[in-house]
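Enquirer: Please see the structure below; I have some questions.
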Ligand SMILES: C[S@@+](CC[C@H](N)C(=O)[O-])C[C@H]1O[C@@H](n2cnc3c(N)ncnc32)[C@H](O)[C@@H]1O
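In the working numbering, the protein residues as written are -16 to 293.
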C-alpha cells in the first residue's frame, strides 16, 4: 500500500491520508494514539520546518507522488508556504519516516496462515484475496519506470519473477518487450490477468521461480521488484541461480532490492554488500546504488541494480 498524499494538522491532532492499493485510491484518517505515534516520528521534521518558516507550523500537506509540500504557519498575515522542489528534497530524509509511520498505521494486516511460509502459495494467496499486501504500490515502481523510459526494452524477451498483480509486466509489455510473468500465487496471476488490457499480450503463469534452475536460458531481461525480499533468505543463492540460468549470456537483470534494515520479514532486508556477494559469481554488476526517485515510503531504502549475466 502506497501513500499518495497526507496532511498533518497539529491543532486538531489529525492526519488525513490518501492511500493507493490494488483497488485504487482511498481517503483515510488518523487521530488519537495513532496520530500521537506519527507526531512523535515527525518531531525532527516539525523542528526543521519551523526553522525554515521562521514561525510555528500548524500543518503540513505533502503530495508524495509529486514530491511537493505546503506548510501552514501560525501567522495570520502570512499562513501558507509552498516549499520549492529543492527545499522538499533537502527535507526528504525527514519527510520519508513520517510517510512510513502514517502508512504503518494504515496498513491492512491479514492473519498468518498457520504453518505456511513464504515459499508456499498458501502463504501469499490469501494476501491477494484480502487485498492485504503491504508491498502493493498500485503501479510499477517509479525507479523502474524511469530506467525503462530511457532504456526501452522493445523486442527483448523479459521475465518478471514474483510478478504479483503484474504492474512491471505491463510496463515492459507497453514498451514492446515480450513478457513472461510468473508468480506462485494463483490469485495474483488471476488478478494480474484481469488488470491487463486486451491489447497487451503477456504470458502470465502460476509457477515457481526455483523450478527454473537448470532450465535453458530463454530471456534477455529479468526484472526484479520485491521478489528477492519475499523469498526465504536461505534461498537467495538459489534465486541467483534461477535468474542467471533464465538469462542468455549478456542478458540483463534490472531491479530494486529492498534494504529497509528492519529484522524479520517478508519483506526480508538486504544490503549492498550482500547483493554484491551473492550475484558476483554469475553477474557483472554494472550499477548498484541507492535508488533515485523511489516512492516516498521507500525513499533511501531501495538499491537499484543493473547486472549483466556472464
Ligand atoms: C512482495 S510480493 C511482490 C509482488 C510484485 N512484485 C509487486 O511488487 O507488486 C512477492 C510475490 O512473489 C511471489 N513469490 C514468492 N516466492 C515465489 C517463487 N518461488 N516463485 C514465484 N513467485 C514467488 C509471491 O506469491 C508474491 O506475489
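From the three backbone atoms N, C-alpha and C, an ideal C-beta is built for every residue, glycine too.
All values derive from a computational prediction rather than experimental measurement.
#1: Just checking my contact of residue 179 with residue 149 at CB under 8 Å: how many whole Å lie between their CB atoms?
#2: Count the other C-beta atoms from every protein chain shown that fall within 10 angstroms of the C-beta of residue 116, then say buried if there are 16 or more, exposed otherwise.
#3: Kindly examine ligand 1 and report whether one of its heavy atoms sits closer than 6 Å to the Cβ of residue 166.
#4: In the DSSP output, which residue or residues are listed as bridge partners for residue 85?
#5: With DSSP run on the structure shown, which of helix, strand or coil describes residue 172?
#6: At the level of alpha carbons, what is the spacing between residue 269 and residue 60?
#7: When burial is assigned at 16 or more other CB atoms within 10 Å of the CB, is residue 183 buried or exposed?
#8: Rounded to the nearest angstrom, what separates residue 157 and residue 151 at their Cα positions?
#9: How many angstroms separate the CA atom of residue 165 from the CA atom of residue 175?
#10: Using a 10 Å radius around the Cβ and a threshold of 16 neighbouring Cβ atoms, would you call residue 203 buried or exposed?
#11: Check whether the Cβ of residue 213 sits closer than 6 Å to any heavy atom of ligand 1, and report yes or no.
#12: Please check the pair residue 240 and residue 211, which I expect to be a contact at CB under 8 Å, by giving their CB distance rounded to whole angstroms.
#13: Do the CB positions of residue 195 and residue 229 come within less than 7 Å of each other?
#14: Rank 244, 220 and 277 by C-alpha distance to the C-alpha of residue 48 and give the top, closest one.
#15: Hey, could you find the ends of the alpha helix (DSSP H) residue 34 is sitting in?
#16: Under 8 Å: do the stretch -10 to -3 and the stretch 37 to 47 share three or more Cβ pairs, one atom per stretch?
#17: Return the chain-ordered list of same chain residues with a C-beta closer than 6 Å to the C-beta of residue 83, the five sequence neighbours on each side being excluded.
#18: Using the three-state DSSP reduction, which class does residue 336 fall into: helix, strand or coil?
#19: Curious, which full-length alpha helix (DSSP H) runs of at least 4 residues does the stretch 130 to 171 contain?
Expert: On the basis of the supplied data:
#1: 6 Å
#2: buried
#3: yes
#4: For residue 85, which the question treats as bridged, DSSP gives no partner whatsoever.
#5: helix
#6: 54 Å
#7: exposed
#8: Taking the straight line from one Cα to the other gives about 10 Å.
#9: Each residue's Cα considered, the two are about 10 Å apart.
#10: buried
#11: yes
#12: 6 Å
#13: yes
#14: If you compare the alpha carbons of 244, 220 and 277 with that of residue 48, the shortest gap goes to 277.
#15: 15 to 36
#16: Contact holds: three or more Cβ-Cβ distances are below 8 Å.
#17: Only 280 meet the Cβ criterion.
#18: Nothing in the structure corresponds to residue 336, since the chain is present only between -16 and 293.
#19: 150 to 157
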